[in-house]
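Taken in sequence, the protein lines are chains B and P. The first sequence finishes on residue 142 if you use our numbering, and the numbering steps up by one all the way, no holes. The second sequence finishes on residue 92 if you use our numbering, and the numbering steps up by one all the way, no holes. Cβ atoms here follow ideal geometry from the backbone N, Cα and C, with glycine treated the same way. The next block holds one structure in the form of structure tokens; read it before the comments.
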Amino acid sequence: MESAIAQTHEYLADRLQVTVDEARKILNLHYRNGVRRHKRVNSRLVLRGTGIELESLAPFPISSADRVDAHLDVDTVLRDTLADLRYALLARYGARRRWDEVAAELSRSKDSLRMASKRELDRLRSKLGTNKNGSKSGPR
Amino acid sequence: MVNFQDFLEDDDNDTALFERLQEQVLKNCPNPERVGCPSHATLEAFVESPAGVTLEDLNELHILKCAECTRDLIELRRKRESRNPDTI
Chain B
3 MESAIAQTHE YLADRLQVTV DEARKILNLH YRNGVRRHKR VNSRLVLRGT
53 GIELESLAPF PISSADRVDA HLDVDTVLRD TLADLRYALL ARYGARRRWD
103 EVAAELSRSK DSLRMASKRE LDRLRSKLGT NKNGSKSGPR
Chain P
5 MVNFQDFLED DDNDTALFER LQEQVLKNCP NPERVGCPSH ATLEAFVESP
55 AGVTLEDLNE LHILKCAECT RDLIELRRKR ESRNPDTI
């Protein structure tokens with residue numbers, strides 16, 4: 003309210019004759035604007051998390067070309083991945099072993115291994131700009 | 005090289021994803037000084053029988069961050085496939 007009074011005082015400083023009603027309307031206008039401004043500032047959404055968590059919520063990355071050119075920080079992407087899943091990803095990547103072969107070496111089923119590594123695979127897809135059907139994601 | 009991304013769904017082995025990952029590593033992770041690379045023998049053993057090689061032997065995720073190791077692995081897989089055409 004103090005801010006609205008100060009703004010009204012400034013506004014009326016140059017005007018010679020103003021009725022009480024007019025002054026009241028101007029004061030009301032400045033007050034309502036101040037309240038709106040205050041609400042806008044306080045209503046901003048705040049993300050409490052990491053960028054990777056935000057990216058996992060986005061359906062498609064913005065530009066697949068940018069994704070391919072950007073350095074992929076696998077240490078961050080796989081920072082909390084268990085050792086056996088790391089091994090599985092390396093075996094798939096480096097030796098190109100099929101998931102069923104890797105699962106057999108880990109004494110697991112192929113489906114359980116793929117489900118367990120789903121988060122990592124989705125993170126990699128997101129970072130690489132690849133969606134689940136294998137195609138590159140482009141701008142909408 | 006077949007461009008899976010253009011016209012095929014990714015298969016059960018997520019082949020397109022790993023091909024894209026490989027492209028990314030080859031393009032963005034040069035390591036000409038071979039810093040932290042496992043030995044050629046280790047990479048060869050890994051391609052032939054991954055179960056016989058530990059994460060420590062591979063220096064953890066190093067091959068996902070090294071273009072030179074990735075090129076070595078591509079060549080080792082090619083040699084393996086030429087001996088055993090039925091393997092992927």
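Where residue i meets chain P, residues with beta-carbon distance less than 9 Å
i: residue 39 (chain B); result: What residue 39 (chain B) touches in chain P: nothing, since even the nearest Cβ is about 45 Å away.
i: residue 80 (chain B); result: 65 and 68
i: residue 74 (chain B); result: 25, 28, 29, 32, 33, 68 and 69
Local Cβ density within 10 Å of residue i, reported as buried at 16 or more and exposed below that
i: residue 53 (chain P); result: exposed
i: residue 7 (chain B); result: exposed
i: residue 22 (chain B); result: exposed
i: residue 35 (chain B); result: exposed
i: residue 16 (chain B); result: exposed
i: residue 92 (chain B); result: buried
i: residue 85 (chain B); result: exposed
i: residue 18 (chain P); result: buried
i: residue 97 (chain B); result: buried
i: residue 20 (chain P); result: buried
i: residue 47 (chain B); result: exposed
Identity of the residue in the options nearest residue i by Cα
i: residue 31 (chain B); options: B:11, B:48 and B:43; result: B:11
i: residue 3 (chain B); options: B:28, B:85 and B:17; result: B:28
i: residue 89 (chain B); options: B:112, B:116 and B:104; result: B:104
i: residue 41 (chain P); options: P:70, P:25 and P:48; result: P:70
Chain P contact residues for residue i, given Cβ-Cβ distances below 7 Å
i: residue 77 (chain B); result: 65
i: residue 126 (chain B); result: 21 and 25
i: residue 115 (chain B); result: Those within 7 Å of residue 115 (chain B) in chain P number zero; the least Cβ separation is about 11 Å.
Residues that residue i contacts on chain P, provided the C-beta gap is smaller than 8 Å
i: residue 88 (chain B); result: 59, 64 and 65
i: residue 85 (chain B); result: 59
i: residue 123 (chain B); result: 18 and 21
Residue i: contacting residues in chain B (beta-carbon distance under 8 Å)
i: residue 55 (chain P); result: 107
i: residue 81 (chain P); result: 97 and 98
Contact list for residue i against chain B, beta-carbon separation under 9 Å
i: residue 39 (chain P); result: The premise fails here: residue 39 (chain P) is roughly 15 Å from chain B at the closest Cβ pair, so nothing lies under 9 Å.
Legend entry - chain P contacts made by the stretch 94–109 of chain B, where a contact means CB separation under 7 Å: 94, 95, 96, 97, 98, 99, 100, 101 and 107
Inset, instruction - Return the chain-ordered ranges of every alpha helix (DSSP H) run that is complete within the stretch 17–56 of chain P and spans a minimum of 4 residues. - result: 19–32 and 44–52
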